[in-house]
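To start, the structure under review is shown below, and the notes come after it.
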Amino acid sequence: MNNIIHINKSDPIIEQWNTAIDKDAAFKTIAFKFFGGDSSKLDSYLQTFGQIVQSIKSENVSSEPEEVNEYRQLAMF
1016 MNNIIHINKS DPIIEQWNTA IDKDAAFKTI AFKFFGGDSS KLDSYLQTFG QIVQSIKSEN
1076 VSSEPEEVNE YRQLAMF
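According to the working numbering, the stretch in the sequence shown is residues 1016 to 1092, in order.
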């Protein structure tokens, strides 16, 4: 009998990160999916594996002011 067990050693976080085309969207999705939305935990996790995340963060910083959205409650008739 052959009792060999094959263990898949691939890390799903690193695998999703490496296969992602849109790194910004992948960063947010992986942070939500695996780290409860905490992007700083994902950042430190990716840095332990030598993944470069600084290029994503520099793209997110914009010199344009953020748009302020005003939400109003509609009156019920």
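All C-beta atoms, glycine included, are put in the ideal place defined by N, C-alpha and C. Quantities reported herein were computed from a predicted structural model and do not represent experimental measurements.
Practice problem: For GLU1074, name the three-state secondary structure that DSSP assigns. | Solution: Note that GLU1074 has pLDDT 49, beneath the 50 cutoff, so the model's placement of it is unreliable and no number is given.
C-alpha gap between GLY1052 and ASN1017, whole angstroms
43 Å
The alpha helix (DSSP H) enclosing PHE1042, as first and last residue numbers: 1038–1050
Open item on the list: Between ILE1019, ASN1033, ALA1041, which has its C-alpha nearest PHE1064's C-alpha?
Closed with: ASN1033
- Query: Any idea if GLU1074 is buried or exposed, counting beta-carbon neighbours within 10 angstroms, 16 or more meaning buried?
  - Reply: Because GLU1074 sits at a pLDDT of 49, beneath the cut-off of 50, its placement in the model cannot be relied upon, and the point is left open.
Note to self: Pop quiz: SER1054 and PHE1042 are said to be a contact at Cβ under 8 Å. What is the actual Cβ separation, rounded to whole angstroms?
What the structure shows: 7 Å
LYS1048 versus GLN1031, LYS1024, SER1025, residue with shortest Cα-Cα distance
Out of GLN1031, LYS1024, SER1025, GLN1031 has the C-alpha closest to the C-alpha of LYS1048.
Exercise for review: Please say whether ILE1045 and ILE1020 have beta carbons closer to each other than 8 Å?
Suggested key: no
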